[in-house]
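Encoded as structure tokens, the structure appears first; notes follow it.
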């Protein structure tokens, strides 16, 4: 399992629009072949801080996500909402083993 | 969905023992009522750094995890392996919605 934890901090006025854009991305991404999780999380202590927890069966499937229309629409839609550049942290999934 | 991301950094000599202890914790935790994910992740850039991604249907179920024998065994087993205190970061899950 290949995981990316994407940390995003948005401008305060963009919180609701960002959540709406992430809903669309979530709904489409969980239908991708090889997707295992696409969780959208909000920090209760800092509501402008979000984490997208994206898990795929392998590196190829994780990379293929970036070729999808829904990813590219999300990326372009949320670009002006960012308070700072987002950070994607790749992690190797040990368990579950598949 | 109530998520906790637990960041752990272990001593280099404890990596394999820590993974074994996390396997046992993972196998038991995914059988808890209300557990949605119990992913064990290793940082490819820093193999002593792990993240446990623990998701439950609600706060009560997440708290109940700490009352289980398998959690308490894990906690006591890994305590001497820690290079620094672990950090649990709670997050609110927005999507999936249940």
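Residue numbers (this note's numbering), protein chains in the order written: chain A, 1 to 98; chain B, 99 to 196.
Yeah, the Cβ is synthetic: ideal placement off N, Cα and C, and Gly gets one too.
Model, not experiment: these values are computed from the prediction.
Once DSSP output is grouped into helix, strand and coil, what is the label at residue 122 of chain B?
Counting from one through the second chain, the residue named residue 122 of chain B turns up at place 24. Three-state result, residue 122 of chain B: helix.
Among all the DSSP beta bridges, which residues are the ones paired with residue 54 of chain A?
Here the question's residue 54 of chain A lines up with position 54 in the first chain. Its beta-bridge partners are A:4 and A:38.
Residue 174 of chain B versus residue 167 of chain B: straight-line alpha-carbon distance, rounded
The residue given as residue 174 of chain B occupies position 76 in the second chain. The residue given as residue 167 of chain B occupies position 69 in the second chain. Taking the straight line from one Cα to the other gives about 11 Å.
Alpha carbons only, please: which of A:4, A:42 and A:60 is nearest the one belonging to residue 34 of chain A?
Within the first chain, numbered from 1, the residue matching residue 34 of chain A stands at position 34. Comparing Cα-Cα distances from residue 34 of chain A to each of A:4, A:42 and A:60, the minimum goes to A:60.
Could you tell me the boundaries of the alpha helix (DSSP H) in which residue 75 of chain A lies?
Counted from its first residue, the first chain places residue 75 of chain A at position 75. It spans 69-78 - the alpha helix (DSSP H) in which residue 75 of chain A sits, taken as one unbroken run.
For the beta strand (DSSP E) that residue 144 of chain B lies in, which residues bound it at each end?
Translated into positions along the second chain, residue 144 of chain B becomes position 46. First-last for residue 144 of chain B: undefined, no H or E at that position.
Output the distance between the C-alpha atoms of residue 113 of chain B and residue 99 of chain B, rounded to the nearest integer angstrom.
Reading the second chain from its first residue, position 15 is the one you call residue 113 of chain B. Reading the second chain from its first residue, position 1 is the one you call residue 99 of chain B. Taking the straight line joining both Cα atoms gives about 30 Å.
Which value, in whole angstroms, describes the spacing of the CA atoms of residue 187 of chain B and residue 73 of chain A?
Counted from its first residue, the second chain places residue 187 of chain B at position 89. Counted from its first residue, the first chain places residue 73 of chain A at position 73. If you take the alpha carbons of residue 187 of chain B and residue 73 of chain A, they lie about 30 Å apart.
Who are the neighbours of residue 121 of chain B on chain A, taking C-beta pairs under 7 Å?
Walking along the second chain from the start, residue 121 of chain B turns up at place 23. Simply 95.
Among B:178, B:106 and B:162, which one has its Cα closest to the Cα of residue 231 of chain B?
Because chain B is modelled from 99 through 196, residue 231 of chain B falls outside the range shown and cannot be assessed.
For the alpha helix (DSSP H) containing residue 62 of chain A, name the first residue and the last one.
Within the first chain, residue 62 of chain A is the residue found at index 62, counting from 1. Where residue 62 of chain A is concerned, the enclosing alpha helix (DSSP H) stretches over 59-65.
Return no unless some Cβ of chain B is closer than 7 Å to the Cβ of residue 91 of chain A.
The residue given as residue 91 of chain A occupies position 91 in the first chain. Yes, its Cβ sits closer than 7 Å to a Cβ of chain B.
Please check if any C-beta of chain A sits within less than 7 Å of the C-beta of residue 124 of chain B.
As a working note, residue 124 of chain B is residue 26 in the second chain. True, the Cβ-Cβ gap to chain A drops below 7 Å.
Under a Cβ-count criterion, where at least 16 other Cβ atoms within 10 Å of its own Cβ denotes burial, should residue 27 of chain A be classed as buried or exposed?
Taking the first chain and counting its residues from 1, one reaches residue 27 of chain A at position 27. With fewer than 16 Cβ atoms within 10 Å of its Cβ, residue 27 of chain A is classed as exposed.
Euclidean distance between Cα positions of residue 25 of chain A and residue 71 of chain A:
To locate residue 25 of chain A, count along the first chain from 1; it is residue 25. To locate residue 71 of chain A, count along the first chain from 1; it is residue 71. In a straight line, the C-alpha of residue 25 of chain A is about 6 Å away from that of residue 71 of chain A.
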